[in-house]
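> Last residue of the sequence shown: number 1365 in the numbering used here, and the count goes up by one each step with no gaps.
Ideal Cβ positions, reconstructed from N, Cα and C, are used throughout, including at glycine.
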Amino acid sequence: MTNIWVKNFAKRTERMQSSTIRELLKISNLPGVVSFAGGLPSPDVFPVEEFKHACQVVLETQASHALQYGTTEGYLPLREMIAERSRRYGINVRADNVMITNGSQQALDLIGKLFIDAGDNVAVESPTYLGAIQAWKVYGANFVTVETDENGMIPESLEAQMHHKPKLLYLLPNFHNPLGTTIPKERRQRIIEICHKYQVPIIEDDPYGQLRYEGEHIPPAVKLDADLRGNDTENYQGNVIYLSTFSKTLVPGLRLAWVIAPKEIILKLVQAKQGSDLHTSTFNQYVVQEVCKDNFLDRHIPIIRNVYRERRDLMMELIDELFPDEVKYVRPQGGLFLWLTTPPQLNTADLRPIAVEHKVAYVPGGPFHANGGGDNTMRMNFSNASEEDLREGMKRLSLVLKSALV
Ligand SMILES: Cc1ncc(COP(=O)(O)O)c(C=O)c1O
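1. Following a CB-centred definition, is P1086 positioned closer than 7 Å to any heavy atom of ligand 1?
2. Name the two residues that bound the continuous beta strand (DSSP E) containing M1337.
3. Under a three-way DSSP split, which group does M1112 fall into?
4. When you compare the segment 1119-1137 with the segment 1146-1165, are there three or more beta-carbon pairs, one atom per stretch, that lie closer than 8 Å?
5. Leaving out five residues before and five after G1071 in sequence, what residues of the same chain have Cβ atoms less than 8 Å from its Cβ?
6. Name all residues in chain order for which at least one heavy atom of ligand 3 lies closer than 6 Å to the residue's CB.
7. So is Y1201 buried or exposed if we call it buried at 16+ other beta carbons inside 10 Å?
8. Candidates Q1148, D1348 and D1108: which alpha carbon is nearest M1274's?
9. Count the other CB atoms, across all protein chains shown, that sit within 10 Å of the CB of R1338; report buried if there are 16 or more and exposed otherwise.
10. What's the call for H1328, buried or exposed, on a 16-neighbour Cβ count within 10 Å?
11. When you compare each of T1107, I1177, S1023 and I1059 to M1040 by their alpha carbons, which one comes out closest?
12. Could you check the C-alpha separation between Q1027 and L1035 for me, to the nearest Å?
13. Taking the alpha-carbon of I1260 as reference, which of R1146, E1316, Q1169 and F1242 has the nearest alpha-carbon?
14. Quick check on the burial criterion: 16 or more other C-beta atoms within 10 angstroms. Buried or exposed for V1365?
15. Go through the segment 1197-1273 residue by residue and report every complete run of the alpha helix (DSSP H) that reaches 4 residues or more, in order.
16. Are the Cβ atoms of T1208 and S1063 separated by less than 8 Å?
17. Can you list, in chain order, the residues of its chain with a C-beta nearer than 8 Å to that of G1197? Leave out the 5 residues immediately preceding and following it.
18. Under 8 Å by Cβ, that's how I've got V1083 and A1091 pegged, so tell me the actual separation to the nearest angstrom.
19. Using three-state DSSP, classify M1353 as helix, strand or coil.
20. Tell me the DSSP bridge mates of Y1129?
21. Am I right that L1295 and Y1167 are in contact with their C-beta atoms under 8 Å? What's the rounded C-beta distance?
22. Spatial neighbours of E1106 within its chain, please: CB distance less than 7 Å, with the 5 preceding and 5 following residues excluded, ordered by chain position.
23. Spell out the partners DSSP gives M1058 in its beta bridges.
24. What residues match up with F1102 in a beta bridge as DSSP calls it?
25. State the beta-bridge partners of G1293 as determined by DSSP.
26. Alpha carbon to alpha carbon, what distance is there between G1324 and K970?
27. Three or more beta-carbon pairs under 8 Å between the segment 1136-1145 and the segment 1233-1249, yes or no?
28. Taking a contact to mean a Cβ-Cβ separation below 8 Å, would you say A1013 touches E1249 in this structure?
29. Contact defined as beta carbons within less than 8 Å: I believe T1307 pairs with V1286. What is the distance between those atoms, to the nearest angstrom?
30. By Cβ distance, which residues of its chain are closer than 7 Å to M975, with the 5 residues on each side in sequence left out?
31. For a test of the three-state rule: what should DSSP assign to A1320, helix, strand or coil?
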């Protein structure tokens, strides 16, 4: 029986893989294991009371719409709110430049559906977000990897890869997952100029932009691109598709995110999304709009920043105090992750089961590298661990690393 199914799998399924992280999370969630593995926001900052209230209001006042089918683009007042908030950051867009998706992960998939034919090259940072690799591999993308340093993507390395004629550049400018790095303004401008010169559109993925713990806000690529082309009109026509999400500033479980793009691209994305789910949950959109009206996020995000900043600081402090000196990290200005590099002889994937035996978990860095490498790197999440877990987990990991490095 099973064989009949398996032999009928489409060719593209050969390129489908389980997410390494999702598999690891299952192991990391065993009782007693302190996990720095997931990219989980902390439930300590979920605005539960606001959601309770909003659910009640929506059901009492708008049930007939909120429980009905909706439009594929998404709930208009929510899209208007997103456009308004985007304009604050100089992203000059209107609601018809915004489409709501089931998480940014769906947006990545729809972008793959729209742009990637089998064999197309896509330029990505090395390392990059695993979910993008997973989404685009299915469509047959080949990944052209661009080198990074403590300031994110290196423009010279990008230009050196342009002879591969990538169809897209995937860029994580703020508090990179997994690197934690932030691309400075001048570098962003340089990257945009290179993409402009070689006519390569940019997918800017910015789930963490609001979670800055130090330093100044840096304009997103979508704004810098518009500046470069003097495109300050009502009709956004830029070279950048911008993604962001409510997963990190509100809650991830509702799966609500958005795409900002020129209207023509939104139209195509809508067609792509229709075939996949008709639309994102109407009820969830109404509830999030109800929670967020009256600028709730302006009051809520500073609370998240304070909690995560403390956890980041404690994790860095514990590394400085406990870890072998040869283990290096990049200080993240925001986001959820610290990226560790160990001496080259240490393979963090091999070390992981030993760490789990010692009841601590992390994600080995290798799978984030689209074309291999990074075996001596690891990603550590600090947002989802209490102070007690941080102290205990980092102590356990320091012992594991020390015994591996003797
Ligand atoms: C860089 C990046 N893009 C996209 C996503 C997916 O986010 P969402 O929960 O909106 O699907 C994540 C989640 O961790 C991420 O780190």
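On the basis of the coordinates in this document:
1. no
2. Boundaries of the beta strand (DSSP E) around M1337: T1336 to N1340.
3. strand
4. With the cut-off at 8 Å, the segment 1119-1137 and the segment 1146-1165 touch.
5. For G1071, the CB contacts under 8 Å within the same chain, skipping 5 residues up- and downstream, are A1094, W1095, V1097, Y1098 and A1100 in chain order.
6. Ligand 3 is not part of this structure, which contains only ligand 1.
7. buried
8. Sorting Q1148, D1348 and D1108 by C-alpha distance to the C-alpha of M1274 places D1348 at the top.
9. buried
10. buried
11. I1059
12. 15 Å
13. Q1169
14. exposed
15. 1222-1236 and 1241-1251
16. Taking 8 Å as the Cβ cut-off, T1208 and S1063 do not qualify as a contacting pair.
17. Within the same chain, G1197 has close Cβ partners V1181, D1184, A1185, R1188, N1190 and P1221.
18. Indeed they touch by this definition, with Cβ atoms about 7 Å apart.
19. Reduced to three states, the DSSP call for M1353 is helix.
20. In the DSSP assignment, Y1129 forms a beta bridge with V1083 and I1162.
21. Your pair L1295 and Y1167 checks out as a contact, with CB atoms roughly 7 Å apart and the cut at 8 Å.
22. S1085, I1113 and S1116
23. V1218
24. V1081
25. R1171
26. 29 Å
27. no
28. yes
29. Between V1286 and T1307 the Cβ distance is about 10 Å, and since that is not below 8 Å, they are no contact.
30. Cβ contact annotation for M975 (same chain, cutoff 7 Å, sequence separation greater than five): V1097, in chain order.
31. strand
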